[in-house]
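Numbered according to mature numbering (1 follows the signal peptide of the UniProt record, and there is no 0), the sequence shown spans residues -23 to -1, 1 to 118. Backbone N, C-alpha and C define an ideal beta-carbon position, used for all residues, glycine too. Quick caveat: nothing in here was measured; it's all calculated off a predicted structure. The next block holds one structure in the form of structure tokens; read it before the comments.
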Amino acid sequence: MNSPIPTLSTPARIVLFSSPVCAGFPSPATDYAQHSINLNEYLISNANASFLFTVRGESMSGIGIYDGDTLIVDRSITPAHNNIVIAVVDEDYTVKRLYQRNNIVKLLAENPAFPPIELKDGQELRIWGVATFNLHNLLRV
């Protein structure tokens, strides 16, 4: 995984429609735009501690994180059991689900083809930050 990319400094505004879009049976759409939102405010709770990471690999595909996706990662959030985290294992960055129970800490993939990462003697683990959003390009095939 690549090093973090700094956050955007210019606010990105986009129109938010007041009518939700139905993912089941179609409903009449409303052509009324309620207001615009600042995507930085919507997606980032702590700009000074937030970074973007580009995902490489398929180990998290089971929860919809795919190769080429962009994760928003917040370093100010205290990592907790079951969070999706950016971890550093022996100086290598990885994205995994944090398992932290009964003095057992391991990193879990969300693809059965990838085994859990269980630390061996002498290995170093640092939790770099907690993933808060996944930006997935729906046009990318």
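>> Does any residue of chain C have a CB that is nearer than 7 Å to the CB of V32?
In response: Note that chain C does not occur in the displayed structure, where there is just one protein chain.
> Helix, strand or coil for S13 per DSSP?
Replying inline: strand
>> What does the alpha-carbon distance come out to for the pair V107 and H12?
In response: 30 Å
> Is it true that the CB of L84 sits closer than 7 Å to the CB of A57?
Replying inline: no
> Skipping 5 residues on each side, what residues in its chain have a beta carbon closer than 6 Å to that of S36?
Replying inline: A86, N88 and F91
> DSSP on S27, reduced to helix/strand/coil?
Replying inline: strand
> From F110 to G41, what distance separates their C-alpha atoms?
Replying inline: 11 Å
>> Is the separation between the beta-carbon of V62 and that of I104 shorter than 7 Å?
In response: yes
> What residue range is occupied by the uninterrupted beta strand (DSSP E) comprising F110?
Replying inline: L102 to L112
> If you count every other CB in all the chains shown that lies within 10 Å of the CB of I81, and 16 or more means buried, which is it?
Replying inline: exposed
> Which residue's Cα is closest to the Cα of L20: T31, V50 and E68?
Replying inline: V50
> Using the beta-carbon count (16 or more within 10 Å), is R78 buried or exposed?
Replying inline: exposed
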